[in-house]
Structures are given as structure tokens and as C-alpha cells.
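Sequences listed follow chains S and D, in order. Position 85 (the first sequence) corresponds to 85 in this note's numbering; numbering is contiguous. Position 353 (the second sequence) corresponds to 710 in this note's numbering; numbering is contiguous. Every residue, glycine too, gets a C-beta built ideally from N, C-alpha and C. A short write-up of the structure that comes next.
Protein chains: 2
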Amino acid sequence: MNMLFKATKFVVAAALLAGLSTASMAKERVYKWKLATTWGPTLSPFIDAPTNMAKMVEEMSNGRLVIEVDASNKHKSAFGILDMVKGGQYDMGHSASYYWKGKDINTMPFSTMPFGMTTAEQYAWFYHGGGMALMEKTYSKHGILSFPGGSTGNQMGGWFRKEINSVEDLKGLKMRIPGFAGEVMAKLGLTVTNIAPGELYTSLERGTIDALEWVGPGMDINMGFHKVAPYYYTGWHEPGLDLHFMVNERAFKKLPKDLQEILITAMRVSAYDMYIQNYHMSADAWSKIASEYPNIKIKTFPKEVMDALKQTNKELRAEMVKDQPLLKEILDSQEAYQKKVRKWTEMSDYLYLKDNL
Amino acid sequence: MNMLFKATKFVVAAALLAGLSTASMAKERVYKWKLATTWGPTLSPFIDAPTNMAKMVEEMSNGRLVIEVDASNKHKSAFGILDMVKGGQYDMGHSASYYWKGKDINTMPFSTMPFGMTTAEQYAWFYHGGGMALMEKTYSKHGILSFPGGSTGNQMGGWFRKEINSVEDLKGLKMRIPGFAGEVMAKLGLTVTNIAPGELYTSLERGTIDALEWVGPGMDINMGFHKVAPYYYTGWHEPGLDLHFMVNERAFKKLPKDLQEILITAMRVSAYDMYIQNYHMSADAWSKIASEYPNIKIKTFPKEVMDALKQTNKELRAEMVKDQPLLKEILDSQEAYQKKVRKWTEMSDYLYLKDNL
């Protein structure tokens, strides 16, 4: 028995005398965690969700769980988050679930689906309609615990240099629109391209592309698209995009129960908070754009275009679920829930807003 | 120096030897708090907000802050919460801010206002549009810290035995509708009454009253109103009713910093959670009502009635702010924010839903 061990035993005995438990002393251990995110260090509000989460965790745990947030410029692997969390290089990640559809198609629907649920509807599905269980079923295969990570709210359909009056008008247009929505657009005859964010403004200004989709006014304003494309179309493709927290399961299990609860609660609240923050940023940014660029027109695609988008979406969805039972289970669950919850959305906010715009 | 004091000093020295601070030992103190709520013990989801909050606090603090939630059947003072928290009989309360308008008119707008903001809009105002500062300005006079406590979402306008086609149809009706909305209705010629919740169903069934307002399908279904009144009108009067947490300022200041953060975070997340819970409950309940009682009609008041309600609301608002500079400041802030944020709501969810009902 060395001196250090003796001293520890001595302290334990003394602490017990004062009503402290050994467990409470063990709890003083500091856990240092690392989180990797897809976002750059200034990409507000996306980067704010993990940053605020880490701050809350540190304060609530009195410094016992400290999470360092590495933005994409640090780890240089914006789209490697799933693998880094799975492999344990990072304890946590913050990204978007649909980025992993190439690795595991089942991860896709937890972000958003074209013509899918709005933010409140999707959170009701996550927490009360079976969504969390399906997300667990999907991510447990990767040794990952996963949680909603913040909603952008309804995204805009994009900036167009010319007005769209028919499906014919869409044909041959070059557009930057990623993901499943890009596949839908490609099937309607658009040339869908991907361009680095830093080159988007110049591409749109010079006519290298005719249109692009980004997020919504709150994030679009800094990109300056409103200076070069006067038609701002409303959304159909990402009605409630949710970002996503991932936690390495082995790392999580090593935390004491109270720190687990602190972590879960901080993720949950920072996700909600991001939705509200982006709601505010969008309202604010649109008000600025509209007053400085009064020529910009908010447009909704005409019925003909919307019907074609819906039909194409349906066809692609049918192809996609072939031989994918879990994907089908997730999409079926979302669609059944949406059908039920949409009626309430109509009776409550929609009919109220109709008379109060 | 007595033996106890000596023993304590001894433990402190020993603990320091093992790297524990005196602060960390002081932190092991257990705080036992009491919360009074306006709601009965089974009034879901209202009662769930403080109950879930207390559970989260206990788990995150590892039992160092334990909050006992007293429902209204315990303290027998459903509308005495403000006074009990102010006086320190309770450390916390959960209620609705507009219940205190008789004591302090400035507390009213933090719940909801007729033709006011929806839930997401109102949370954006609270957290990014100056709402929290105005709430602090109002409640600090009472020695109380106050926080959003959970939104019902858009409430329904109520159950009517007869269809309303004109302002004339409203005249002479007896209706249960409390608060400011009741004053608006009274000015339009209705006889506004208050009836105990337990007697509402019988009153409506027997025709003692012709109409009543409660919350929305999620909470209305257990009351059974759909069995006796076939017209369910959409809302105008409580577009985003928020419940409300109150904390006695002196009690709060006695908590260590980490417990303060835990408490604030738990209140914040349980408020958001209640909104999502009620969204789900409403969707679920409406689906049940609609399939079992297919004769029930969802109606919106005709334009003539809506215009009269808006005009009357405006007149009452003008009377109310006379000689009430803080109330005017709060309402002006809400209305300016609503004007800005509503445009975003229109561009995002409203126009999306228009094509996807």
C-alpha cells in the first residue's frame, strides 16, 4: 500500500464522517469530450446549436463535462462526422442526418422529406409519434445515439433569375439544389449541379447557373443572392429540416447518470432554440431585404409545376423503398402521422393565419 | 471550539488533500423546493410541464435540487399562485400570466393576445425580440423571476350549438369565454358567463349556455363537448397561449450557480416540450372525434364577424393602454414584432400549407 492510496482511504473516511458519499467524490471527475460539426465556425445559427449546447452542459455540470466544439475548418472533414463519431475519434457530432444516405439510406428521412412535415409536426412525430424509436433502430447499428439537433423551419424553394410559369420553363435550367429534391428537379428536366458555397454568388450573377436553393432569408442574406436574382420561390422540398446530434454510445455509457441527463437535456433545448433563433433571423433578414430591394418578388410555383413535383416525388419514393424494408417503415410512419397531424395544423395555425396576414 | 467544528475543519483539510474543494463539498447540500400550480393533478398537458421540469431538475442535479409539485387540490388556491410565490410560501409557481391582470395589468400580454402571435412567433419575440426583458421589467416589481411555461398552440374559438353566419347571430348568445376575449365578445352583444369546469358539459347540453371556449381538441375531448355541440369554430383569441413559470427571486439567489442553470434549462425545455405534446394530443384527439362524430363541422367565423371582432379588439386595446405606459410599451413591442415576423410565417409555413392540405 503506497502513501497515495492510504491518503485516499483517509479522505474517504473523513468525508463519510461529514455526510459525503464516495460516489459524490467520484462524481467530481472531469470528462473532456470533443464534438465535430459539419459547419464552419461562423455559420449561424447552425454552429450555435452545438456551441450553446456545450455551454449549457459545462454550466449545469459545474465544469464536470466539458465539450470542445470543432468546426469544419478544424477537422477538415465536414462530411465525415458519422464515421468519426462511430469510430470514436469524436465523442459527439452535429450535422444533418440526410448527409449519410449514401452510407445508410435509412438515415435520410430524419432530416426532412419533400412535401413532408413542418417543424412542429415533425417534433410531434419524433417525441410522440414513434420517430425517436425509428431513429434509434437506424443509428444503433452504427453504435450511435441520435437526437434532433435543431430545425431550420420551412426552407425557401430558391432564388431564380427568371419567373417560372410552367414545367416547360423549368426544362434546361441549371440549378444548384442538392439531395433528394435535386433528384426530383433533375427528373423534371433541370440540369442539377453542385457548386462550392463560395462560388455560388458569382455563378448566379454571371448566369453560369439560373437558380439555386440555399436555406431561407436568415442565412441567405449574407450570401447576397437577392442582389442578382429577383424571384424568391417558396418551399416544397424541405418543410422542416432538422439537424442532428450524434453521440458515441460507448462514450455515453461511461458518463455518470446525472451527466447523461444534463447532456440529453442540453441537446434537446438547444435544438428547439435553434428553430426559434432561425425564425427570428429569417423574419429580420427578410424585412431588411424587402426594404432595400423592393423589386424582389415572393413567388409560389404555379399549380402545374407543383403537381409535377409531387408526382415525380411520389415516383422516386416508390423506387427508393424497393428492397428497403426499414426505409419503407420510416416513410410510412412519417406519412401516416403527417396525414393525421396536418389536419390539426390546418384547423389551428393555417385557418388562423388565413384571416390574419 | 466544539468537537463538531473541529471535525468539519479536519474533513475540509483532508478533502483538499485529495483535490476536492470546499465549494464542491458545499454543493452537496440538498435544496428542497416547493412549486404551486393552478392546475389539477391530472390536467394534462398543463400539469406535465412543471412535473417534467421537476423530474429533469432532480436527475440533472443528482438529487441536489428536489422540487415538490403541488397541484391545485393540495394548496386550494389555484389563482393565488402569484401571491404565494411573491410571499415565499412557495419557491416556484406554474400558471398563466394573464390570471394576474386584476393585480397588475402589465402581466396580461405575456400569455397571448387576440389576433396576436402564433407560438413560434411569440417564442421568437420572447427570446430575440425583447419579450424577456419586458417580462423581467414587469415581474421584478413583484420580486419574481419569470419564464415561458409552455404553449398550447393556437386555441380553438369554441363549441357552438348553432351556426354563426352574422354578427346578428351572436347577439344574445350565452357563452363561457373568459378574459380579454370575453370582454370583446360582451361588447358584441353576447352574455358572457363563467361556469365551473365540472358543470360546463351539462350547461351546454341543456342549453343553459349556447357556446363555450375551452382549449383545443387535445384537452376538449375529455370534456365531451363534441357530443352536444356540432359546430367547432377556429380560433382568433388565443393564437399562442403561453403558460408561465415564476421563481421567487430570493430563493433563486440562494442556489449555487450550477443549480440555477439546471433550473433555467429545465424550465425552458419543458415549456417547448409542452407545446409539442399538446400538438400531438390535439392531432390525435381530433382524429378520434372526427371519426366517431362525423357530423361535427369545423367552421371559421364569416368575414363580417371576424371584422367586428378585430374592430372591437382594437377599441378595447386603445382604452386599456390609457395611463398605462408599461402596458403600452409591451403591446407596442409585440405588435411591431408580429408585423415583421408574420411576413416570414406567411412566406414559409403558410404558403407551403396552402398547397399541402
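Assess contact between the segment 151–171 of chain S and the segment 218–238 of chain S, defined as three or more Cβ pairs (one per stretch) separated by less than 8 Å. Is contact present? When C-beta atoms of the segment 151–171 of chain S are compared with those of the segment 218–238 of chain S, three or more pairs fall below 8 Å, so the two segments count as touching.
Any idea which residues DSSP pairs D712 of chain D with across the strands? D712 of chain D is not bridged to any residue.
Which residues in the same chain as S21 of chain S place their Cβ atom closer than 7 Å to its Cβ, once the five residues preceding and following it in sequence are excluded? Here S21 of chain S scores only 47 on pLDDT, less than 50, and its place in the model should not be relied on; the value that follows carries that caveat. If we look at S21 of chain S and ignore the five residues flanking it on each side, it has no Cβ neighbours.
Beta carbon proximity, M413 of chain D to chain S, threshold 9 Å: yes
Just the chain D side, please: which residues come within less than 7 Å of M132 of chain S by C-beta, in chain order? Contact note: M132 of chain S does not reach chain D at a C-beta cutoff of 7 Å; the least C-beta distance is about 12 Å.
Establish whether the CB of A406 of chain D and some CB of chain S are separated by less than 9 Å. no
Ordered list of beta strand (DSSP E) runs contained in the segment 118–158 of chain S, each at least 3 residues: 144–151
Does any C-beta atom of chain D lie closer than 9 Å to the C-beta of D349 of chain S? Yes, contact with chain D.
Can you find a C-beta in chain D that's less than 9 Å from the C-beta of H366 of chain S? Lying before the first or after the last residue shown, residue 366 of chain S is absent from chain S, which here runs from 1 to 357.
Could you say if the segment 255–267 of chain S and the segment 679–689 of chain D meet the contact criterion of at least three C-beta pairs nearer than 8 Å? no
For R421 of chain D, count neighbouring Cβ atoms within 10 angstroms of its own Cβ and tell me buried if that reaches 16, exposed if not. buried
State the DSSP-derived secondary structure class of R161 of chain S, mapped to helix, strand or coil. coil
Can you say whether L357 of chain S is buried or exposed, counting buried as having 16 or more other CB atoms within 10 angstroms of its CB? exposed
With DSSP run on the structure shown, which of helix, strand or coil describes V247 of chain S? In this structure, V247 of chain S counts as strand in the three-state DSSP scheme.
Which residues of chain S have a Cβ atom closer than 8 Å to the Cβ of K700 of chain D, listed in chain order? A283, W286, S287 and A290
According to a CB-to-CB cut-off of less than 8 Å, which residues of the segment 260–274 of chain S neighbour chain D? E261, I262, T265, A266, R268, V269, Y272 and D273
9 Å Cβ cutoff met for K697 of chain D and D284 of chain S: yes
H75 of chain S (DSSP reduced to helix, strand or coil): helix
Quick one: give me the first and last residue of the alpha helix (DSSP H) that I262 of chain S is part of. I262 of chain S -> alpha helix (DSSP H) spans K257 to E292.
For the structure I just gave you, are there three or more beta carbon pairs, one from the segment 207–219 of chain S and one from the segment 77–90 of chain S, closer than 8 Å? no
Residue nearest to Y352 of chain S in terms of C-alpha spacing, selected from D:P554, D:K656 and D:N551: D:K656
Where A18 of chain S and G93 of chain S are concerned, what is the direct C-alpha to C-alpha distance, given to the nearest angstrom? Low local confidence applies: a pLDDT of 43 at A18 of chain S is under 50, so the model's placement there is unreliable, with the coordinate-based value given in what follows. If you take the alpha carbons of A18 of chain S and G93 of chain S, they lie about 41 Å apart.
Which residues in chain D have a C-beta closer than 9 Å to the C-beta of I276 of chain S? List them in chain order. Near I276 of chain S (Cβ distances below 9 Å), the residues of chain D are A477, Y480, A481, F483, Y484, H485 and Y629.
Identified DSSP bridge partners for K32 of chain S: Per DSSP, S:V66.
Beta-carbon of L212 of chain S versus every beta-carbon of chain D: anything under 9 Å? no
Cβ-Cβ separation, G240 of chain S to G116 of chain S (assumed contact under 8 Å), whole Å: Right, the Cβ-Cβ distance comes to about 7 Å (below 8 Å), so this counts as a contact.
Three-way DSSP call (helix, strand, coil) for S452 of chain D in this model: Secondary structure of S452 of chain D (DSSP, three-state): strand.
Per DSSP, what kind of secondary structure is A229 of chain S in: helix, strand or coil? coil
For I633 of chain D and F124 of chain S, believed in contact at Cβ under 8 Å, the rounded distance: Residue identity check: residue 124 of chain S is Ala in the sequence provided, not Phe. Yes, A124 of chain S and I633 of chain D are in contact; Cβ-Cβ is about 5 Å, under 8 Å.
Quick one: measure Cβ to Cβ for A568 of chain D and M532 of chain D, integer angstroms, because I've assumed they're closer than 8 Å. 4 Å
Mind listing the chain D neighbours of P239 of chain S? Cutoff is C-beta to C-beta under 7 Å, in chain order. Y709
Please confirm whether E562 of chain D has its beta-carbon closer than 9 Å to some beta-carbon of chain S. no
I'd like to check one pair, T312 of chain S with L188 of chain S: are the Cβ atoms closer than 9 Å? For L188 of chain S and T312 of chain S, yes; Cβs fall inside 9 Å.
Out of S:L327, S:S287 and S:D91, point me to the one whose CA is closest to T359 of chain S's CA. The structure shown does not extend to residue 359 of chain S, since chain S is modelled only from 1 through 357, so no value can be given for it.
Within 10 Å of its beta-carbon, does E238 of chain S have 16 or more other beta-carbons around it, so buried, or fewer, so exposed? It is buried - the Cβ of E238 of chain S has at least 16 other Cβ atoms within 10 Å.
In this structure, does DSSP put D680 of chain D in helix, strand or coil? coil
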